[in-house]
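Residue 154 in the working numbering sits at position 157 of the sequence shown, and the numbers go up by one each step. Positions of the beta carbon are idealized from the N, C-alpha and C atoms, including for glycine. Since the structure is predicted, the reported quantities are computational estimates derived from the model, not experimental observations. These notes concern the structure reproduced below.
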Amino acid sequence: MIIRRLEGLALYEPTFEAMQTFTQQRTAETENEIWQVEHSPVYTLGQAGKPEHILNPKDIPIVQTNRGGQVTYHGPGQVVLYPLIDLHRAKLFVRAYVNILEEAIIQTLTFFGIENAQRKDGAPGVYVPMPEGDLAKIAALGVKVSNGCTYHGLSLNVKMDLSPFYGINPCGYAGLRTVDMATMGVEVGWQEVADKVSSLLVQMIENHQQRGA
């Protein structure tokens, strides 16, 4: 599997268009890829996203996309991974693929010392327990499958300005708290986190493919 690092702060719309083009043009022989991306500030609305979940965007652009999910924020200090995977070749159903995305994030957080990261029923993504007893969101998912091939992917908050999340109902949930790894006391480099999640994804997808062969 090819891992590509998009250099600098990538604008969202050209990256979105590039993913679509890659997916439309790929053949049965096209290698699977994972794109590592750090976006300039942007709000993205999922396919069924409701504009009323955008409360106060200020000067941050809003982009309509065709991924699943509601509204989220991407910005500097957040690891975004776009796995471009042929699910048929990997012998994966969509539900199992989403489970792998979440598990790779959970194992990454555990590796860097953040314990008890978890899923939440009916709310895709990864959450961490806070001292106050509630759960805060640290990673989001949004997936699109076209002809059995995936694009869009996951975002994991490493060390970022979290204030733009107050301008939305994150993923459609009013009052949902959003945190990053730095909030949880972990200071680690963006690339180190991106590489760890990527390597876990490669390992899990290849293991699943071998088991299904």
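- In the structure shown, R116 adopts coil according to DSSP, grouped into three states.
- In the structure shown, T18 falls within a helical segment according to DSSP collapsed to helix, strand and coil.
- Contact check for V142 and V91: beta-carbon distance about 6 Å, within the 8 Å limit, so the pair qualifies.
- With respect to the C-alpha of V194, the residue from T27, E10, F108, V125 having the closest C-alpha is F108.
- Contact annotation, T69 with C168: C-beta distance approximately 6 Å; criterion of less than 8 Å satisfied.
- The Cβ atoms of L151 and T175 lie no closer than 9 Å to each other.
- Considered as a whole, the segment 107 to 154 harbours 123 to 126, 132 to 143, 146 to 154 as its complete beta strand (DSSP E) runs of no fewer than 3 residues, in chain order.
- Within the model, the alpha-carbon separation for T27 versus G130 is close to 46 Å.
- Within the same chain, Cβ atoms closer than 7 Å to the Cβ of R64 are found at G43, Q44, G139, V140, K141, H149, the five residues on either side in sequence being excluded.
- Assignment of P80 by DSSP, reduced to helix, strand and coil, places it in the strand class.
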